[in-house]
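For reference, each letter of the sequence shown is one residue, going 48 to 212 in the numbering used here.
Below is one structure, written out as structure tokens, with a few remarks after it.
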Amino acid sequence: MQTRSLPTPTPAMGSQPPNVTFSDFPAPSKSVNSTVAGIPTQITALNFSDKLVLTISQSGRLNHWLHVPLSGGRPLDNGFLNPSSETDVDASLLPFAHLTATTVLGGTRGEFEVLGQTLATTIATALLMRNPEEQRMLVLGLGLEKADYGRETFDELIGACLECL
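This is how it looks when you write it as structure tokens:
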């Protein structure tokens, strides 16, 4: 078995290996307990230097993981805005078109896949609206009991997530 090691620092490199980012340990976190559609829900956010991990769990479940890269463009530039958002108020509430949620683990049930992608891109859009310079990746872990929430419950879930962030 072959192992790789970091290059030995030279005077030209300084005392630190290249591309090392130091961050707080333990990672800053916040948890919110809420009731969504009558179901106790725990939401936890962990802030790493390169990722923002958000988990939404009901009854202790975590069975679907997604990620959304937030870098790759400036969402508030004209090219990223939804085309009809200036004239249609409802369209302005839609997730940014350039954001793509990708399933990392789980997501084998179609209705949960759609809900997970919609939640992930909506939360990512809210993060970019709050801080257009955000470059980290959003990693979302879901463990919801059901996927057939209505708009009011979906909005309640988004609100609880934003409270945690």
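Every residue, glycine too, gets a C-beta built ideally from N, C-alpha and C.
So, using beta-carbon positions, are residue i and residue j closer together than 9 Å?
i    : j    : result
H111 : L189 : yes
V83  : A194 : no
L204 : L166 : yes
Q89  : E192 : no
L187 : I86  : no
K98  : M184 : yes
Just curious, the alpha helix (DSSP H) that residue i is in, first and last residue?
i    : result
G85  : No alpha helix (DSSP H) contains G85, which DSSP labels as neither H nor E.
T222 : In the structure displayed, the chain extends from 48 to 212; residue 222 sits before or after that span and is not available.
I200 : According to the sequence as given, residue 200 is Thr; it is not Ile. Here the alpha helix (DSSP H) through T200 covers R198 to C211.
Exposed or buried, residue i, counting other C-beta atoms within 10 Å across all chains shown (16 or more means buried)?
i    : result
R198 : exposed
P130 : Confidence in P130 is poor, its pLDDT being 45 and thus under 50, which makes the residue's placement too unreliable to answer from.
F72  : exposed
P142 : buried
L162 : buried
F69  : exposed
Span of the beta strand (DSSP E) holding residue i?
i    : result
L152 : T149 to G153
Have a look at the DSSP bridge pairing and note the partners of residue i.
i    : result
L185 : L99 and V115
T91  : S78 and T102
Is residue i near the ligand NAP, with its Cβ less than 8 Å from a heavy atom?
i    : result
Q105 : You won't find the ligand NAP in this model; it holds no ligand whatsoever.
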